[in-house]
Structures are given as C-alpha cells and as structure tokens.
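Undergrad: Take the position in the sequence shown, starting the count at 1, then add 29; the result is the number in my numbering.
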Amino acid sequence: GGEFGPYTQLERIEKGIYQPYANELIKNKKAYYCFCTSKELEDEVEIQKNAGKIPKYSGKCRHLSEKDIVDNLAKNKPYSIRFKVSDDEVITWNDLVKGEVSFNSKDVSGDFNIIKRDGIPTYNFAVTIDDALMEISHVLRGEDHISNTPKQIMLYNALGFRIPEFGHMTLIVNEDGKKLSKRDTSIIQFISEYKELGYLPNAMFNFIILLGWSPESTAEILNKEELIKMFNTKRLSKSSAKFDVDKLSWINNQYIKKLSDEDYLNLVKPFISSNLYDDNTINKISLLYKKEISFGEEIKKASELFFQTPILNDEAIEFIKQDGVFKTLNTFKQLVIACDNFIASIIKDLIKQCGQEVQVKGKLLFMPIRIATTFQMHGPELADILEIFGKEKVIEHINITLEKI
30 GGEFGPYTQL ERIEKGIYQP YANELIKNKK AYYCFCTSKE LEDEVEIQKN
80 AGKIPKYSGK CRHLSEKDIV DNLAKNKPYS IRFKVSDDEV ITWNDLVKGE
130 VSFNSKDVSG DFNIIKRDGI PTYNFAVTID DALMEISHVL RGEDHISNTP
180 KQIMLYNALG FRIPEFGHMT LIVNEDGKKL SKRDTSIIQF ISEYKELGYL
230 PNAMFNFIIL LGWSPESTAE ILNKEELIKM FNTKRLSKSS AKFDVDKLSW
280 INNQYIKKLS DEDYLNLVKP FISSNLYDDN TINKISLLYK KEISFGEEIK
330 KASELFFQTP ILNDEAIEFI KQDGVFKTLN TFKQLVIACD NFIASIIKDL
380 IKQCGQEVQV KGKLLFMPIR IATTFQMHGP ELADILEIFG KEKVIEHINI
430 TLEKI
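(1) Given a threshold of 16 other Cβ atoms within 10 Å of its Cβ, counted over all protein chains shown, does residue 241 qualify as buried or as exposed?
(2) Examine the ligand GDP and report whether any of its heavy atoms sits within less than 8 angstroms of the Cβ of residue 251.
(3) Sorted by chain position, which residues of the same chain lie with C-beta nearer than 8 angstroms to residue 87's C-beta, five sequence neighbours on each side aside?
(4) If you pair each beta-carbon of the segment 277-289 with each one of the segment 222-240, do three or more pairs fall below 8 angstroms?
(5) Does the segment 176-193 touch the segment 106-119, meaning 3 or more C-beta pairs lie closer than 8 angstroms?
(6) Please work out which residues of its chain come closer than 6 angstroms, Cβ to Cβ, to residue 271, disregarding the five sequence neighbours upstream and downstream, and give them in chain order.
(7) Report the residue ranges of all alpha helix (DSSP H) runs contained in full by the segment 192-219; include only those spanning at least 4 residues, in chain order.
(8) Alpha carbon to alpha carbon, how far is residue 78 from residue 233? Give it in angstroms, no decimals.
(9) For residue 424, does the three-state DSSP call read helix, strand or coil?
(10) Smallest Cα separation from residue 430: which of 266, 412, 405?
(11) What do you get for residue 361, buried or exposed, if any count of 16 or more other CB atoms within 10 angstroms of its CB means buried?
(12) Going by C-alpha distance, which of 356, 134, 35, 85 is nearest residue 387?
(13) Does chain D have any CB closer than 9 angstroms to the CB of residue 64?
(14) Determine, using beta carbons only, whether residue 144 and residue 188 come nearer to each other than 9 angstroms.
(15) Excluding sequence positions up to five away, which residues of its chain have a Cβ less than 6 angstroms from the Cβ of residue 161?
(16) Looking at the structure shown, is residue 117 part of a helix, part of a strand, or coil, going by DSSP?
(17) Counting Cβ pairs closer than 8 angstroms, one from the segment 332-349 and one from the segment 301-312, do we hit at least three?
(18) Looking only at C-alpha atoms, which of 39, 46, 93, 42 sits nearest to residue 58?
(19) Straight-line CA distance for residue 213 to residue 44?
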C-alpha cells in the first residue's frame, strides 16, 4: 500500500522506473554508454595502482563518436551507462550533523556507473530516483555513506530534482571502538535474538534511539511517545556511539521493573522448565527476581539455587568460620525446628529472635544465615527464599554448613 510504491527495488526495476531517467541523462549529454570490458577496466585499475594513483575510470568511452555508439549498440555489445562528472566542480551541502561539507568533483572516482552491464541500476542512481519520486525530505544515515552524497547531489542536479537534507550520523562502535559489524561475535547483532532472550521492545527502542542522539534532559528512561515528541536533529552526536551492552541491560531492567506481575511472569516463565515445583511456586520464585534480572532468559541463572544443588564457595566458607558463627547457625536451626508455621513473616521474626539470643545483628547475623541456608552470599529477600525451600531443606542446608566450620 501507500502512495509511492512499489517499495522494493526489484519491483521498481520490473516496472521500468529507472531506465527512462538514464535515457534522459544520455539524451542531455550528461551520461554515456560505456562499452569497456571487465578485462579492460581491470587493466586500467592495475596500471593506475602501479603508478601510485587512486584508481578511477579514464573516461575513454566518454569520447566515442555517434557512429561508434550506434555500431556497438547494433552489434549488441554489452554496455554500462556512466554519469559524466565535471572536472572541477565543488559540491557543498549543509549536513544536519557535521555542518558544511564540501567535495571537489575531481576527488570523486571518475565517471561512475549508473546502470550496470546487466541493466541493474547502481546504488547511487537507484536511491536518488527513489528518494526523489517518494518525496523524501531528509536522508539520515551512517557517516560511512558520506562519500556517496556528492554523487547523489550531482544526479539530483542533473535530473532537476529537489535535493533533500542530508545528515550523516556517527557509526555505532563496539567496546573496542571498532565499527559494529555483523561479523563481530562479541555483541548480539539481530533484534530477533534480543526478542528470544526476553528483551522488551520498548526498552530496545529506548536504547537504540540513544545511540548517537540525546535529549536535552538527563533522563534516559523515556517512552516511545516522549522520545518521538522531543526528537530533533540538533541533538545528534558528532562522536561515535558505543553499543554498551551493560547500558542496554540496565535500561531493560528498568522496563521489567515497571511490568505488572502478570506481564512479568509471561516474559520469564517460558525460560523456566521444571517438575520440581507446582505452577504457583514457580510464580513465587520468578517474582523474587523481578527487580534483579535484566532480560527474560536471565531468570534461569538467577534462580539456579531452586533448581540445582548449590555449592559453598571458598569465600563463603571463609566467612562462616568467623568466631561466633557456629553458635548463631545452631541457634537459628533450633528455632526453625521448633517453628510450626514456616512462612516468610514468621521466618523474619525467627532471624530477629536468633540475633537477640546470640547478641549479634547486621551482617554478622544475616550473612551467616543466608550462606548456611542458600549456600549463596547474595540474593533476594531471604525469608521468601526459605519459605519456598521449606523447613526440611533449610535444616538440611544448615547441617551441611555446620560440618564445614
């Protein structure tokens, strides 16, 4: 649909959209047939390289006589169509990002092809025609396209088209400052992969728009409508935009926190598959990590202690060997054994009571109990974890820990 279709270049070629404009340029002596073979062109390049010159087409077919052209066409000799580049013309435009930019036509790579030997329009010719016919007002693209702009402006002028505004944005680079490439294995490249990992579309939109652009405010979490409303080209950055995976994770985490519990569970539950717990318990486990995870799949690693047998690491063992820890853990174990209603609110009271009995508080109270019951030094609300574990498992873990002291 739409008023300016078709929208794929193949369909536009089939409809014969480009050829009439190439014919017009030939008619007006602004383009010409080039009958040079691939071998002749390769030899030209080789000679120029050996002479230390930047290769460009010599223009030999520019000077063919009308008779030579007619004879070659009559013989069905393969040809391309080349645009005539002026010898000494300055092409200038006011770039929306870089300010005034100028190129001299003699620095362009000679008379360039607009129609290839197979009849397919070249990139620069096709996009010039497409943008003009589709009434494109602004062309915003990566700065690696800036060398194409002089060629396109020459074509706009030659065809009498209105020239759009150009803005050449800085490239997105990886952590090492190198241009982001689909061959770069250090970064996930495709939107579909982020979707599969459980990143949220609004978070991706928020993150991507901040690559090479920033709002006037310092706020970084902005919804789609706000970002569209405040966007303007004056805030486009002149320095490279780093694809910061940590920032993407932080932004996505902010969006996850704002989800309703129902939407959050719909996001993460496809990543949890276990017969150890009923559906209600799986929901409770998942909700423990709502504020912590950065993307859906991360729930698997975050919730490992519920699905795998955890192991006390050296740092944890070193911590529980402190004086007084054995007494604290043994006291807490006895309180757990005597407890008839092992739910989170009661468990919090048990921890508090334990601290009062052994005269310990703060880190020296909570950390040993967390290590002994979960085999981890960090995690979500401890009482909620222990309620899900149940009395028997908590006592079992404490006994294993006491044997290490």
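Note that beta-carbon positions come from the ideal geometry of N, C-alpha and C, so glycine has one too.
TA: Inspection of the coordinates gives the following:
(1) buried
(2) What this structure holds is no ligand at all, so the ligand GDP is not there to describe.
(3) 73, 139
(4) yes
(5) yes
(6) 202
(7) none
(8) 45 angstroms
(9) helix
(10) 405
(11) buried
(12) 356
(13) In summary, chain D is missing from the structure at hand, where a single protein chain is found.
(14) no
(15) 190
(16) coil
(17) yes
(18) 93
(19) 38 angstroms
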